[in-house]
Ligand code: F6R
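Residue numbers (UniProt numbering): 269 to 637.
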């Protein structure tokens, strides 16, 4: 049932190109309008939205962090991302023109469900992004977009994360289209870029052998740090979360620009630092800033493990290990840059002799608050 893989997690990582393609399937109608799955909200309701809140936990929360960049960029509606477990306890400002997007693989996470119920009590509209048909969160929502990742068995989320990203991009585009900020041809152009992603994820998967070798070398590390900026910041957080939960190692993700405000003190001789570098084409300034962040940590003894875009030679002199991912539009890059970090965590955990599919103290679905 593991399809020849040692772990469900490896199988699910390998299924990601298919999962992404399935989630994209049939989303545009003949007029170029984006289609969600269940919509009990009118276009007018969506035009009235003046604020978006995304609520989710863990890995799903990281997909929400990426979504914020895309949604604000495409729709110009302010968007906040909040841990579902914190949301209702701080009395957030919500009303009928607020759209709350709840992201959950299982659809049963109690923290996310309670955040959703709180939002509904305050008359907010609720849209669910979910991987489980008919589960509680989509049942209680006004609109649903299903991710078609297929069942995820390994406790650590992988393919669900990539499909959550896709779903978030689609929600952002849909909002922009309904509100008239983006037109059918622009939406179709981004959808076409998204259609390229399964192939790119496949390409990344075919180059993972050096990551496996590196994982064996890092198995004894005391701590691994992850840095990124912009959409690569949540990718850094996701890489660190995977490593914590699977390998039981200290791992932490940082916004690269924050290092100098404290965390750089953690860097010691040989500290592995995984650096997720933005495309040098997209927001060029940002790329150069990350490269100088990498120089800074390396000057303090870090062993730099760099994930960069193919053709990015500027970063090469500062990379102890360099892994290239295919050229990808900036906002979509997490779909490719996350993959090596999933493989790295999985292989480090395996090298340390842990049960990758069933990490200690964790359950697949967290139905208590
Ligand atoms: C991490 C992981 C968890 C879940 C989180 C939310 O690998 O799997 O962090 O992402 O518990 O679960 P769902 O998406 O089912 O609400």
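From the three backbone atoms N, C-alpha and C, an ideal C-beta is built for every residue, glycine too.
Cβ neighbours of residue 283 in the same chain (closer than 6 Å, five flanking residues each side left out): 427
Residue 304 and residue 442: beta carbons closer than 8 Å? yes
Looking only at C-alpha atoms, which of 402, 323 and 430 sits nearest to residue 379? 323
Can you give me the start and stop residues for the beta strand (DSSP E) that residue 393 sits inside? 393 to 398
Taking the alpha carbon of residue 634 as the reference point, which residue from 352, 531 and 518 has its own alpha carbon closest? 352
Should residue 393 go down as buried or exposed, given a rule of 16 or more other Cβ atoms within 10 Å for buried? buried
According to the neighbour-count rule (16 or more other Cβ atoms, all chains shown, within 10 Å of its Cβ), is residue 581 buried or exposed? exposed
When the Cα atoms are used, what is the spatial distance from residue 275 to residue 361? 44 Å
Could you pull out every residue in the same chain whose Cβ sits closer than 6 Å to the Cβ of residue 570, ignoring the five residues on either side in sequence? 535, 539 and 541
Just to check my reading of the structure: residue 483 and residue 625 have Cβ atoms closer than 8 Å, yes? What is that Cβ distance to the nearest angstrom? Rounded, the Cβ-Cβ distance is 17 Å, inconsistent with contact.
C-alpha distance - residue 576 paired with residue 619, whole-angstrom precision: 25 Å
State yes or no: is the C-beta of residue 472 within less than 8 Å of the C-beta of residue 604? yes
Quick one: does the C-beta of residue 372 sit closer than 7 Å to a heavy atom of ligand 1? yes
Using DSSP with H/G/I as helix, E/B as strand and the rest coil, what is residue 641? Residue 641 is absent from the model: the chain starts at 269 and stops at 637.
With a Cβ-Cβ cutoff of 8 Å, do residue 573 and residue 589 count as a contact? yes
Of all the beta strand (DSSP E) runs that stay within the bounds of the UniProt domain "SIS" (310 to 449), which reach a length of 3 or more residues? 319 to 324, 347 to 351, 366 to 372, 393 to 398 and 411 to 414
Taking 8 Å as the cut-off, decide whether the C-beta atoms of residue 440 and residue 343 are in contact. yes
If you run the structure through DSSP and keep just helix, strand and coil, what is residue 302? strand
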